[in-house]
Each structure stands twice: as structure tokens, then as C-alpha cells.
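**Student:**
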């Protein structure tokens, strides 16, 4: 592994030096892109908020990405350092070293990558590798990827390798080997006379298989053999017709006894459907999702965020305001769920009664997710398959309800407001986001966000948030005031108050302030104060971050 | 640890001074009709381009692009600029992109970077992140984040290119 890193670094350095010579003679330029992020946090004891203090009392995560392109060749390397890992990141991430490295050749119709790469087949139901530095998620493939476009309208992809599992001064891959192929046809590009037809159709199919040496295990005095190879197959369709769009994908997986499903042999199935209509000033979407036993990992014993091969995003909206986003965020239940959702976006016209001078934007979003409709049959088949599915409809257990309404309005050049109301019913037995309550949390959240731009480059923004619930930790209120001086400075102070907690000792104010300075593509942010424990999610993948009290410094830069 | 930081700072300084004037890496994105678009071929007939990374779940991004929308016609008349709004929405939210864009009537070219291949190749940490390219397709200026009033600086930079 080390040797590979050195080779990649060498290629990188040599090509950099070489290209600069070329550059001076006026030939094709080499291109360097990249970014750096350093996140430092110190931790002070604070019993009232349950802050954790690691032995080192401080932690720092650093990474730097460097991508160098010269003509048809690209080399990339990422330096990573955890001294130690910031709380909330996997605490097994340790040390400093190379966390990703690859070389890529990309000609007109052929694209080959060797080393680490990120790829997604279709909607990701069968295969997706990605990097989410803010959550510490990196399931990069380490191997080879070939993308070949033999003619216009057809793209073929093949991947072969292992998934990244851990970092301990170097990349540590998981046990299994993952192989996959994917094909996508764009009918409008393939069939010339259809090129300008309003109906656009894409068809795709994929097959992904993992290999992990299987052994035997015993359950109820029956001996089971674990399969060495597990495959998932899927097909998808995308249609765009004028103002309409439709996407659908179906993926099925053969027997895959694993830690998520309790080592049952039932096959897995997932369906994803989305339709939308939109025109100027108006948009509406409807989605349905069905997931049955679709945890698919390169190591059958892995759980949580580790080495997923596929990606099953949540059907609820990704919320941004603090109380709505980090107390009761929903993530897909991989073992099984059925969900539907719908969204509406509408801008009331300018110069109308309700629209005013600038128009008024409103949106409505609803989502409902339940358990699968299943039953237990007992006997030998239950021992092997666990349960049977009675229908593809809703089961009896409510997982989540999420209804939210947003109104956004620019009143005049100086003032604008944003109001959002959320209503949640959230089952904390199924999605364990809290230790304090097991059952359904009913919560109403209101957010008012007011911006006042009193000079062209100076603004003040205030955020008021309220969460009302009788369950879990009770009511919360948040107030934030932010002053920004474009393009460089920002100052913010926030207080979050758990005034409704049934335990008077936990009715704590979380006071936090920060100062940010931005110059071009670099930014430094220094914050100090108390941060509440929360669940931070991106794309339906969530990680719990414990409460903390201390200084936080975040430096980012891109080039 | 000190060594690591020194290493990063050294590379950073070198890279920043070297990075300006580079052009776009070649990545295949999809437009709103699902058609492949190679980022290396983005062009605007010798006039400037703005590439803005955004997502439907990113409030400052939407604020930024809604503000630019108020000025877009004026900027186009003055400088001929074309805006590419590259969404990094993943599979969870990507199907809401077109309905959202239509509902707020953005006139930008919308491209979807669903697995963040392009944003990573461009060195984007988190959105919003805006790149200004000159008529030759070279990156001449970039900015992270959005605070009200940043549009004034974008306009200044655009005018610098135009004259």
C-alpha cells in the first residue's frame, strides 16, 4: 500500500514539474486543483450539558486534496491527519498519511482510473461510493474503474476493488471484494432522428457482486453455510417529456445473511419512483420508495456507516434550520420501510396582490414512512428467511411523518423574511436519535428568519426558532443574530434553550458565538461556546455528535 | 503534527499562487434532460462564465442564486456573462432540482453533479462556491460562502474582465 502511495506521489510531483516547463514554452497547461481543511476543537468539562472530554482535551482533523491534470492524465492524492479525530467522527481514525490516491487516463471514449475512486450506478441503489468529509464517511473503491463509450448514447462502466473501511496513517480496506458493471443507453443520442424529439428516454442496468469468504454458523441446532458471493441486479428508466420527468429504479439482491438483517437468507428488494411536473413559477413532485432487506456491505459483519456498497437515501426533506435538522432527522431503515412523499413549489407572481414587488415563494412538503407489511410464518422457513412480505403497501408501524410549509418573501431592497412551519411524528424506537425517550415524538417547529440589509454590503440577520413537544427533552427555543460585512466578515451569536426539559437541571442555555473571515476561496471561522448534542445528516446519512464546550477553529481553502 | 501543518501551508502557498489561471477539469455531468455534458467543453463564445456550486438544501446557495437572478439580465447586457449553476444534490434531493429551479424561474444553465465528482475535482469544500472564468475559460477569481452584498464584488470582478 505504502509503495503505491509513493508511486502516485512520485507521478504527481514529476508531472507537476514537467508541466511547468511545458507551460513556460506556451504548450498545453497542466492544471492543479485542490483544497485544504483543518478543523480544531478543544473540549472543556461541562456536566450540565453532558460534554465529553477526551484525554487529549483537544482534537484536530486535517485533509488536503491535490488533483493534477495534464492533458489526458490525472493524478490525485489526499493527505489526511487525525490528531486525534474530532468527536463525532469514527474514533478509530488515527495518525497522518495518504487517505486516497489514484491515477486516471481519460481520452474521448475511454476513461480508466486505477487506485481510489468514487462512482455511482444509476440512483445508487446497487452501487455508490462517495466521500463526505463533514461526516467522516469515505467508502472509496480501491482498485480499477473503466468507463467506455463505444458510440454516442451508450456508456459502459466496470469497477473492481475493495472498499475503504478505516484510516490508521494509511488506508485500510475492508475484507470483501466488490465487482460491478453498469450500462446506460440514451435513446435520443443513440437514434439520430430522435435527437430533437421532446421525449427523452434513458435506460440502464447494473450488476454488482461482492465476494467474502463464507463459513458456517449454527442457529437452533441447524448448520447454515454463509454464501461466498452475493449479487445485486437492477434496472432503471428515466423519461423527460416537456414539463414532465420520471425516474424509476428496481434492484434486487440474492441471499445475503448479514449483521443488519440478523443473518437471514431472504432476498432483498428496493424500488424507487419519482415523478415531477414543473413550469415557470411552479413545480410539483411525487415519490415512492420501497426497501426490503437492502443493507449491502462489502463485509457482512459491518454495521452503521461502515463499507456500504449501495446508497438508500431518506425520502424526507433534508432540513437546514438547526432545531428541525439535528434533533429528529430521519434516515432510511435499511432492513425495511415503505414511504411516499410529495413536494410543491410555487412563486406568486410579481406585481400581484400577494406577490408584491418581488414575488412570494411558497413550498409545501409531506412525507410518510411506515414499516413493511410482513408476517411471521414460523418453522423452518422463518429460521431461514426471517419473515414473509404480505404486500408492497404500508405496514402497521409508523416510522415518520414530516409535513413542512415554507414562505419566503423579499419585502423591499432592505428587508426579507423566511417563515417555516414543521410538524413531525417521529418514532425513536426505530430511529434511535435520543436516549431519553422511546416512542413517537410529536413536535411542532416554527422558524422565522429575518434579514435586514441596511447598506449594500452590511446586513443583519435574526433567526428565531421554537420546538414544542411533550415527549423526549420537551420544548426548545433558539435565537440567533448575525452581522455580515461583505465580502470578508461575519459575526454571529446564538442561544439555544431547552426550557421545556422535565429535568430542571437540564434546562440549560447553550450560548455560542463565532467570527468568520473569508478571502476569495479561503475562510477561517473561530467559534466559542456550548454546542448541544445533535445528529448531523447529509443525504440521509446521519452521525451523532456529542455535546461540547470549547473553542472551534475551522480553516478551509481551495485552489 | 507541526511537520504536517508546515507541509500543508507550504503546498497551500505554492498552490494558491499557481492555481489561478487554470481551466476546468473534464468531468461528465447531466443536464436537466438527463443528457451528458462534459465540463471541459463549457464555453460562452469568449465571454465570461460564472460557475456556482449549490444544493436545494443549502440556504445561502439559494440566497446567492436568487440575488444573482435579480441582476442577471443587467450583467448579461454589460458583460455577456453566462451562469452555470452546478447542483451537488445527491439522490435524496436531485429530483427536486428541476421543479425548484422552474418555480423560482432561474435562467441559468443547470448541471447535476450527483456524486460530487466535479465539485471535488474543482476543490470545493462546501457550497456555495463560485468560480469566475474569463473568455478563454481560465479561472480568474473564486469565492466561498455567500453574504448579502457579495454580488457587488461579483459585479466588480465581471466589469474588470469586460474592460
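Residue numbers (my numbering), protein chains in the order written: chain A, 1090 to 1648; chain B, 93 to 255.
From the three backbone atoms N, C-alpha and C, an ideal C-beta is built for every residue, glycine too.
Note that this is a predicted model, so its numbers are computed, not measured.
1) Find the residues of chain A that neighbour residue 191/B, judging by a C-beta separation of less than 9 Å, and give them in chain order.
2) Roughly how far, in whole angstroms, is the beta-carbon of residue 1541/A from the beta-carbon of residue 1568/A, given that I think they are within contact range, below 8 Å?
3) Would you list, in chain order, the members of the region 1441-1454 of chain A that have their beta-carbon closer than 7 Å to a beta-carbon of chain B?
4) Looking at C-alpha atoms only, which residue of 1251/A, 1297/A and 1563/A is the closest neighbour of residue 1412/A?
5) What would DSSP say about residue 1596/A, mapped onto helix, strand or coil?
6) Cβ atoms of residue 1548/A and residue 222/B: under 9 Å apart, would you say?
7) Is the region 244-251 of chain B touching the region 1149-1158 of chain A in the sense that three or more CB pairs, one from each, lie closer than 8 Å?
8) Determine, using beta carbons only, whether residue 1647/A and residue 214/B come nearer to each other than 9 Å.
9) What first and last residue would you give for the alpha helix (DSSP H) that runs through residue 171/B?
10) Considering only the alpha carbon of each residue, which of 237/B, 135/B and 121/B lies closest to residue 218/B?
11) To the nearest angstrom, how far is it from the Cα of residue 1391/A to the Cα of residue 1348/A?
12) Would a C-beta distance cut-off of 9 Å place residue 1581/A and residue 1602/A closer than the cut-off?
13) Please list the segments of the beta strand (DSSP E) lying wholly inside the region 1471-1529 of chain A, counting only runs of 3 or more residues, in order along the chain.
14) How about residue 240/B: is its C-beta nearer than 9 Å to some C-beta of chain A?
15) Is residue 1493/A near residue 1408/A, with beta carbons less than 9 Å apart?
16) Does the separation of the CB atoms of residue 1294/A and residue 194/B fall below 9 Å?
17) How close, in whole Å, do the beta carbons of residue 1152/A and residue 1225/A come, if the pair is a contact with beta carbons under 8 Å?
18) So residue 189/B is in the alpha helix (DSSP H); what residue range does that whole segment cover?
19) By Cβ distance, which residues of its chain are closer than 6 Å to residue 1476/A, with the 5 residues on each side in sequence left out?
20) Evaluate contact between the region 1604-1615 of chain A and the region 1582-1593 of chain A, counting only Cβ atoms and requiring at least three cross-stretch pairs below 8 Å.
21) Can you pull the chain B residues whose beta carbon is under 9 Å from the beta carbon of residue 1403/A, in chain order?
22) Given that a residue counts as buried once 16 or more other Cβ atoms are within 10 Å of its Cβ, and exposed if not, what is residue 202/B?
23) With a threshold of 8 Å on Cβ separation, who are the neighbours of residue 1060/A within its own chain once the five nearest residues in sequence on each side are excluded?
24) Run through DSSP, which three-state label would residue 141/B get?
25) What are the residues of the region 128-149 of chain B that lie near chain A, defined by any Cβ-Cβ distance shorter than 7 Å?
26) What does the Cβ neighbour count give for residue 255/B, buried or exposed, with the cut at 16 atoms within 10 Å?
27) Here's the rule I'm using: 16 or more other beta-carbon atoms within 10 Å means buried, otherwise exposed. How should residue 1481/A be labelled?
28) For residue 138/B, which residues from the same chain have a beta carbon less than 7 Å from its beta carbon, with the 5 sequence-adjacent residues on both sides left out?
29) Tell me, please, whether the region 1358-1375 of chain A touches the region 1335-1346 of chain A by the rule of three or more beta-carbon pairs shorter than 8 Å.
30) Please report whether the beta-carbon of residue 244/B lies at a distance below 9 Å from any beta-carbon of chain A.
31) Please return the same chain residues whose Cβ sits closer than 7 Å to the Cβ of residue 243/B, not counting the five positions on each side in sequence.
32) Output needed in chain order: residues of the region 204-236 of chain B with a Cβ under 8 Å from some Cβ in chain A.
33) Starting from residue 242/B and walking both ways along the alpha helix (DSSP H), at which residues does that stretch end?
34) Compare the C-alpha of residue 1566/A against each of 1573/A, 1599/A, 1579/A and 1424/A and name the closest.
35) Taking 9 Å as the CB-CB limit, is residue 196/B close to chain A?
36) Could you pull the start and end residues of the beta strand (DSSP E) that residue 1277/A belongs to?
**Tutor:** Taking the structure as given:
1) Those within 9 Å of residue 191/B in chain A are 1334, 1365, 1366, 1367, 1371, 1372, 1373, 1374, 1432, 1433 and 1434.
2) About 15 Å separates the beta carbons of residue 1541/A and residue 1568/A, which is beyond the 8 Å limit, so they are not a contact pair.
3) For the region 1441-1454 of chain A, the set of residues with a beta-carbon nearer than 7 Å to any beta-carbon of chain B comprises 1450, in chain order.
4) With distances taken between Cα atoms, residue 1412/A lies closest to 1563/A.
5) DSSP, reduced to helix, strand and coil, places residue 1596/A outside both helices and strands of the structure shown, so it counts as coil.
6) Against a cut-off of 9 Å, the Cβ pair of residue 1548/A and residue 222/B comes out as no contact.
7) Touching, no, given that fewer than three Cβ pairs across the two stretches are closer than 8 Å.
8) Contact flag set, yes.
9) Unbroken alpha helix (DSSP H) run through residue 171/B: 151-171.
10) Minimum Cα distance to residue 218/B is reached at 237/B.
11) Take the alpha-carbon of residue 1391/A and the one of residue 1348/A: they are about 7 Å apart.
12) Result yes, Cβ atoms of residue 1581/A and residue 1602/A sit closer than 9 Å.
13) Runs of the beta strand (DSSP E) spanning 3 or more residues and lying entirely within the region 1471-1529 of chain A occur at 1477-1499 and 1504-1516, in chain order.
14) Under the Cβ criterion of 9 Å, residue 240/B is counted among the residues facing chain A.
15) In this structure, residue 1408/A lies closer than 9 Å to residue 1493/A by Cβ.
16) Not in contact: residue 1294/A and residue 194/B (Cβ atoms no closer than 9 Å).
17) Distance from residue 1152/A to residue 1225/A at the Cβ level is roughly 11 Å; contact not present, criterion being Cβ atoms closer than 8 Å.
18) Counting along the chain, the unbroken alpha helix (DSSP H) around residue 189/B starts and ends at 189-195.
19) Closer than 6 Å at Cβ, skipping near neighbours: 1463 and 1465.
20) No: fewer than three Cβ pairs fall under 8 Å.
21) Within 9 Å Cβ-Cβ: 184.
22) Residue 202/B counts as buried, since at least 16 other C-beta atoms from the protein chains shown sit within 10 angstroms of its C-beta.
23) Beyond the ends of chain A as shown, which are 1090 and 1648, falls residue 1060/A; an answer cannot be given.
24) Annotated three-state conformation of residue 141/B is strand, per DSSP.
25) Residues passing the 7 Å Cβ filter: 149.
26) Counting Cβ neighbours within 10 Å, residue 255/B comes out exposed, since fewer than 16 surround it.
27) Classified as exposed, residue 1481/A has fewer than 16 neighbouring CB atoms from the shown chains inside 10 Å of its CB.
28) Cβ neighbours of residue 138/B within its own chain (closer than 7 Å, five residues either side excluded): 227.
29) With a cut-off of 8 Å, the region 1335-1346 of chain A and the region 1358-1375 of chain A count as touching, because enough Cβ pairs lie within range.
30) For residue 244/B, the answer is yes, since a Cβ of chain A falls inside 9 Å of its Cβ.
31) Short of 7 Å from the beta carbon of residue 243/B, and not among the five residues preceding or following it, lie these beta carbons of its own chain, in chain order: 159, 160 and 163.
32) Using a CB distance below 8 Å, the part of the region 204-236 of chain B facing chain A consists of 206, 207, 208, 209, 212, 213, 214, 215, 216, 217, 218, 221, 233, 234, 235 and 236, ordered along the chain.
33) That run of the alpha helix (DSSP H) goes 242-254.
34) Among 1573/A, 1599/A, 1579/A and 1424/A, the Cα nearest to that of residue 1566/A is on 1599/A.
35) Yes - at least one Cβ of chain A is within 9 Å of the one on residue 196/B.
36) Segment 1276-1279 is the alpha helix (DSSP H) holding residue 1277/A; no beta strand (DSSP E) there.
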